[in-house]
Amino acid sequence: MPNTTAEQTTNLKPFQNRFFASQLRNAKRKPQGKIYSIEDKIDALLLWKSSPTMYRNLNRLGFCLPTATTLRKLLRKVPLRTGISETVFRSIEKQVGKMPHMKRQCSILFDEMAIQPHLDYELHNDLVVGFEENGTKLSDQESVFMLRGVNKSWKQPVGFVFSKSAMSATDIVKYIKEIIHHCESIDLHVIAIICDQGAANVKAISLLTEESRRIKILNNEEPSTETVIIHNSRVVSLFDPPHLLKSIRNNLLTKDLSYYYNTTKKLHHGTILSKPTTSTEVITSG
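In numbering that gives the first Met the number 0, the protein residues as written are 0 to 285.
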């Protein structure tokens, strides 16, 4: 049986070793005299972000953990600005080197949400935030770009942008190209772009498709619309399935469906009628 603390912690994982060492080091110290290494603070930050309630409960139970104020000060040191974050990509690069080829395949997801227009002053950076990107108007929309693994379950936001009203299609195209450029530089393989059917998103996909069509024609390739070419990547553009279902529902709420089925040839096709009829029309023919 192991007798010393060192022997007892031999088989523990690095996180567990750091956690128990921190508890033993600070157990008898006064609150103002507790000492935490940068690794201790990062470990605590993971716990705090996972569940603030759980973090507070651990503090109440007597565990020695950095205060929320200390963790917020640590977060302020991370250089995060609007646009695509090179800091995040440098962090991703360290993990990509450990991944096999198949697990490096990923997709780009992006969406926007409405926000309350207001300004914040960052004292530590002497910076006012809340304006649209490259403009002077108050932003009321925020767009977020995220990478998500295809063959491995991982996801990571890589950028965000403030805008006045919806972001333009040309800006969306610009950020997609920038993300794919960063991904190629760290050997991540983007195979899909996924978004909802917002007007700007649809136009952005159309712009990428048309640009790819010209590239394929110049390369003597079949100008298909199945994939788009961005830098050295061939990418499939997809609309988010839940939004596709919602669009179908919304159409059927205000329109009728005319559906034709030929029982002999087993052929079928449907048409959305612009003006609702008294009942849904289903026609079969032999």
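We treat Cβ as the ideally placed atom computed from N, Cα and C, and that holds for glycine.
Since the model is a prediction, treat every value here as computed from it, not as a measurement.
- Within its own chain, the residues whose Cβ lies closer than 7 Å to the Cβ of Lys33, once the five positions on either side in sequence are excluded, are Asn25, Cys63, listed in chain order.
- Its chain contains Ile193, Cys194, Asp195 as the residues whose beta carbon lies nearer than 7 Å to that of Asp239, once the 5 sequence neighbours on both sides are disregarded; these appear in chain order.
- Judged by beta-carbon spacing, Leu137 lies beyond the 8 Å limit of Gly148, meaning their Cβ atoms are not closer than that value.
- The C-beta of Asn124 has fewer than 16 other C-beta atoms within 10 Å across all chains shown, which makes the residue exposed.
- Excluding sequence positions up to five before and after Asn58, its CB lies within less than 8 Å of the CB of Leu64, all in the same chain and listed in chain order.
- 8 Å or more divides the Cβ of Lys173 from the Cβ of Ile229.
- For Ser84, DSSP assigns no beta-bridge partner whatsoever.
- Taken in chain order, the complete beta strand (DSSP E) segments of 3 or more residues contained in the segment 187-231 are 188-194, 227-229.
- In the DSSP assignment, Asp119 is bridged to Val128.
- Straight through space, the alpha carbons of Val234 and Asn200 are spaced by roughly 15 Å.
- By the neighbour-count definition (other C-beta atoms within 10 Å, threshold 16), Val227 is a buried residue.
- Beta-bridge analysis with DSSP links Lys254 to no other residue.
- By the CB criterion at 8 Å, Gln104 and Ile190 fall inside the cutoff.
- With a cut-off of 8 Å on Cβ pairs, the segment 139-148 is in contact with the segment 156-173, counting three or more such pairs.
- Given a length threshold of 3 residues, each whole run of the beta strand (DSSP E) inside the segment 145-190 is given here in chain order: 154-162.
- Shown here, Ser236 sits in a strand according to DSSP, grouped into three states.
- Under the DSSP assignment, Leu108 falls in the beta strand (DSSP E) whose first and last residues are 104-113.
- In summary, Val127 is exposed, with fewer than 16 beta-carbon neighbours lying within 10 Å of its beta-carbon over all protein chains present.
- The straight-line gap separating the alpha-carbon atoms of Arg28 and Arg55 is approximately 19 Å.
- Rounded to whole angstroms, Lys93 and Ser223 show a C-alpha spacing of 36 Å.
- When rounded, the separation of the alpha-carbon atoms in Lys215 and Thr208 is 10 Å.
- If you draw a 10 Å sphere on the C-beta of Asp42, you find 16 or more other C-beta atoms in it, and that means buried.
- Counting along the chain, the unbroken alpha helix (DSSP H) around Thr68 starts and ends at 67-75.
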